[in-house]
Amino acid sequence: MVSSDGRSIEGVVSERDIVRALASGADPATPVGEVMRRRVVAVDATTPYHDALKLLAKERIRHLVILKGSELAGVARAASVATTSVVTIPADALLSTAAELMSANRIRHLVVTEGGKVVSVISLRDLVSTLKE
């Protein structure tokens, strides 16, 4: 979440947003405010769990901001579900290619192959962590 005063929410930025921006050619020094989503999906702290899950699915998002009144109370995350749809990338592909594939396919992981064999899995978090180095 992005907030200038620690109370009000101005936007939300996720690993996916960062990877999408980088896949589009954004400079890693780009301010977060330029890639964040300004439409914040939030629920009240009293919202039943099942209703929150329905909202996550309806909005096609992975995180919900939880508010207690108008104050930030937390963030809820959707549980991952296994899939049979897998996207692969060769081990010698560039990180920018990985970011483009993840963004285009709206996925968080790629299976890395070498010589036709699975050698690893690379995640959005791996890509973002690489930026820090």
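Residue numbers for the sequence shown, in full-length UniProt numbering: 1 to 133. Glycine included, every Cβ here is placed at the ideal spot set by N, Cα and C.
Item to check | Nearest-angstrom Cα separation, counted from A42 out to R16 | outcome: Rounded to whole angstroms, R16 to A42 spans 19 Å at the Cα level.
Item to check | Beta-carbon contacts of R125 that lie in its chain and below 7 Å, excluding the five residues immediately before and after | outcome: Excluding residues within five positions, the ones whose Cβ falls inside 7 Å are E15.
Checklist entry - So who's on the other strand from P90, going by DSSP bridges? => result DSSP links P90 through a beta bridge to T113.
Checklist entry - Between the C-alpha atoms of V118 and V111, what's the straight-line distance to the nearest angstrom? => result Distance between the alpha carbons of V118 and V111 is about 7 Å.
Next on the checklist: At the level of alpha carbons, what is the spacing between T46 and I66?
Outcome noted: Annotation: T46 to I66 spans about 9 Å, alpha carbon to alpha carbon.
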